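Q: Residue numbers (full-length UniProt numbering), protein chains in the order written: chain A, 1 to 201; chain B, 1 to 201. First the structure, then my questions, so here it is.
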């Protein structure tokens, strides 16, 4: 019903996550009818980002620089290295604000069925860092999924061979959460991983 | 936390309707991590659309051609002309599928407070069409809002001066709707605009 170019735009907008045909149509109409300046800016920024954004040579997070701001900072603690699956995870941990070490971004998890092996996750680069930097503790913060756990195990083994302390972030009932609404798997894990208040004598 | 270019991209994505900071961040990560081809295509299509899409010289809907597909079609009924506020309204009416006349898109409604007058809505072009084309009925399908009604009144007056029949689409309880959930204004309108089943004698 729309002209070919507008139909192309609606189709292209559907590549965005969470955007279906109706939202894409609404976005296209909004951009063309009300805010062409913003649309032009979005087009140019997106083009530039696609062209220039690569990976940090040290932690593999997304950045257009050779070294990301966190890796370039001299105020981080070199003795701790946290392994996460995605750049968004780095942001989440930074927003929590109590970790001051370095990061390593896998960009996924081990998934033989999808052909994702250690090389795709940059495990060789991680090992280089473990060998060359004064890392005392490797904190594994992959997602608590089957693949995330398998990836955590794999990396833990590699670090153990080098005699580096390895830890996994805790999983259990979220702070502020109500037990009534927590799924059984999480609750079972929370019981198994309970910590002692004090040990009876 | 992200690099400057990624922050720019997140900010630019927020110009999309219904996209807040979290969604914009998710979209940026998705485009850069998983689908750069689609991101590049979106950037190019958006740029081209912003540059090339203008208005149909006859009905003012959005199109990159001089004449839109509907105005260019010889199979439409020239005797009926439907006035709508936006190109999306044309689509909605076409999808309903029982109107086969021509269209005229106002791109808004009269709103003196926002400085939108008859000239901005192309009323002069509409009058040219009423004078030059064999229009027998002008169907006004502006939105049933205060501004939409005022716009409808204004256009109806202009057409009446030319002796052209003018109608307004019906407003009332939506088909399939339940009375219980209909707002009072709509229900009052539905009572006032009731149509006769048969007239008693």
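All C-beta atoms, glycine included, are put in the ideal place defined by N, C-alpha and C. All of these numbers come straight from a predicted model, not from anything done at the bench.
(1) Any C-beta of chain A within less than 8 angstroms: which residues of the UniProt domain "Toprim" (79 to 174) of chain B qualify?
(2) By the DSSP assignment, the alpha helix (DSSP H) with residue 103 of chain A in it spans what residues?
(3) With 7 angstroms set as the bound, which would you pick, yes or no: does the beta-carbon of residue 7 of chain B sit closer than that to a beta-carbon of chain A?
(4) Should residue 28 of chain A be labelled buried (16 or more other beta-carbon atoms within 10 Å of its own) or exposed?
(5) Could you tell me whether the Cβ of residue 66 of chain A comes closer than 7 angstroms to any Cβ of chain B?
(6) Where does the unbroken beta strand (DSSP E) through residue 137 of chain B begin, and where does it stop?
(7) Is any beta-carbon of chain A found at less than 7 angstroms from that of residue 35 of chain B?
(8) Taking only beta-carbon atoms, is residue 15 of chain A less than 7 angstroms away from chain B?
(9) Between the region 41 to 62 of chain A and chain B, which residues of the former have a C-beta closer than 9 angstroms to a C-beta of the latter?
(10) In the DSSP assignment, find the beta strand (DSSP E) that holds residue 36 of chain A and state where it starts and stops.
(11) Residue 24 of chain B to residue 127 of chain B, Cα distance in whole Å?
(12) Output yes or no for whether 7 angstroms exceeds the beta carbon distance between residue 87 of chain A and residue 62 of chain A.
(13) Use the C-beta contact count for residue 153 of chain B: other C-beta atoms within 10 angstroms, 16 or more gives buried, fewer gives exposed.
(14) Cβ of residue 24 of chain A less than 7 angstroms from any chain B Cβ?
(15) DSSP three-state label for residue 74 of chain A, please.
(16) Report the neighbours of residue 72 of chain A on chain B: residues whose CB is nearer than 9 angstroms to its CB, in chain order.
(17) Cα separation between residue 157 of chain A and residue 34 of chain B?
(18) What does residue 38 of chain B reach in chain A if we use C-beta pairs closer than 7 angstroms?
(19) Closest to residue 26 of chain B by CA distance: which of A:5, A:105, A:89, A:102 is it?
(20) Using beta carbons (cut-off 7 angstroms, strictly below), is residue 30 of chain A in contact with chain B?
(21) What is the C-beta distance between residue 81 of chain A and residue 138 of chain A, in whole angstroms, given that I count them as a contact (C-beta under 8 angstroms)?
(22) Looking at C-alpha atoms only, which residue of B:181, B:133, B:18, B:68 is the closest neighbour of residue 77 of chain B?
(23) Which word fits residue 95 of chain A, buried or exposed, when buried means at least 16 other C-beta atoms lie within 10 angstroms of its C-beta?
(24) Determine, using beta carbons only, whether residue 199 of chain A comes closer than 7 angstroms to chain B.
(25) Evaluate residue 75 of chain B with the Cβ neighbour count: other Cβ atoms within 10 Å of its Cβ, from every protein chain shown; 16 or more gives buried, anything less gives exposed.
(26) Give the interface partners of residue 12 of chain A over in chain B, defined as CB-CB distance under 8 angstroms, in chain order.
(27) Check residue 84 of chain A in the structure and name its three-state DSSP category.
(28) When you compare the CB of residue 3 of chain B with every CB in chain A, is at least one pair closer than 7 angstroms?
(29) Closer than 8 angstroms is the cut-off here; do at least three beta carbon pairs connect the region 32 to 49 of chain A with the region 45 to 62 of chain B?
A: In short, the structure shows the following:
(1) 86, 87, 88, 90, 91, 94, 95, 107
(2) Premise fails: residue 103 of chain A lies in the beta strand (DSSP E), 101 to 105, not in any alpha helix (DSSP H).
(3) Answer no: the Cβ-Cβ gap between residue 7 of chain B and chain A never drops below 7 angstroms.
(4) A buried status is given to residue 28 of chain A, since no fewer than 16 other beta-carbon atoms sit within 10 Å of its beta-carbon.
(5) It does not; no Cβ of chain B falls within 7 angstroms.
(6) 137 to 140
(7) yes
(8) yes
(9) Along the region 41 to 62 of chain A, going in chain order, the ones with a CB nearer than 9 angstroms to a CB of chain B are 41, 42, 43, 44, 45, 46, 47, 48, 49, 50, 51, 52, 53, 56, 61, 62.
(10) Looking at the DSSP string, residue 36 of chain A is not in any beta strand (DSSP E); the run it does join, the alpha helix (DSSP H), is 36 to 52.
(11) 44 angstroms
(12) yes
(13) exposed
(14) no
(15) coil
(16) Within chain B, no residue comes near residue 72 of chain A; the closest Cβ sits about 11 angstroms away, beyond 9 angstroms.
(17) 28 angstroms
(18) Taking the beta carbon of residue 38 of chain B as reference, the chain A residues within 7 angstroms of it are 15, listed in sequence order.
(19) The residue with the shortest Cα to Cα distance from residue 26 of chain B is A:89.
(20) yes
(21) That pair is a contact at about 5 angstroms.
(22) B:133
(23) exposed
(24) no
(25) exposed
(26) 38, 41, 42, 45, 46
(27) strand
(28) yes
(29) Three or more Cβ pairs drawn from the region 32 to 49 of chain A and the region 45 to 62 of chain B lie within less than 8 angstroms of each other, which places the two stretches in contact.
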